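To keep things clear, I will list the structure first and then write my remarks on it.
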Amino acid sequence: MTQGSESLEESCKRGLKAEVPFGYEALLTDGQRQRLDDCRQLGWELQFIRRSLANCPTVIVRDTRERQSWRICDDGTLAPFEGNRG
């Protein structure tokens with residue numbers, strides 16, 4: 017699969033939603049917002065937010081030095097993220 021078709025496939029899975037939606041802060045819990053601020057101070061990047069109708073959004077950040085992805089849980093704790101983006 018080519019790079020272009022892979023990104024098209026990912027966008028189709030998301031239903032053409034942005035990886036990080038505009039105004040995403042309103043979707044997050046207080047714990048998620050606080051942890052995201054803390055992670056950014058460490059130089060980490062917000063990778064994507066997966067939105068579900070039934071659950072709180074799944075927030076994924078990336079430790080750019082270690083090249084690892086982490087999920088910010090609803091209460092603000094971090095958990096290793098090894099899932100896929102779909």
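Just so we're aligned, residue 17 is where the sequence shown starts under this note's numbering, counting upward by one.
We put the CB at the ideal spot given by N, CA and C, even for glycine.
Just so you know, these numbers come straight off a predicted model, no measurement behind them.
- Residue environment for Leu58: exposed (fewer than 16 other C-beta atoms within 10 angstroms of its C-beta).
- Per DSSP, the continuous alpha helix (DSSP H) segment holding Asp46 begins and ends at 46-57.
- Beta-carbon to beta-carbon, Arg67 and Val75 are separated by about 10 Å, too far to satisfy the 8 Å threshold.
- The residues Asp91, Gly92, in chain order, have a CB closer than 6 Å to that of Gly47 in the same chain once the five nearest residues on each side in sequence are set aside.
- Remark: C-beta atoms of Pro73 and Leu44 approach each other more closely than 8 Å.
- Counting the other Cβ atoms within 10 Å of the Cβ of Phe64 gives 16 or more, which makes it buried.
- No residue range can be given for Arg67, since it is assigned to no beta strand (DSSP E) and is classified by DSSP as neither H nor E.
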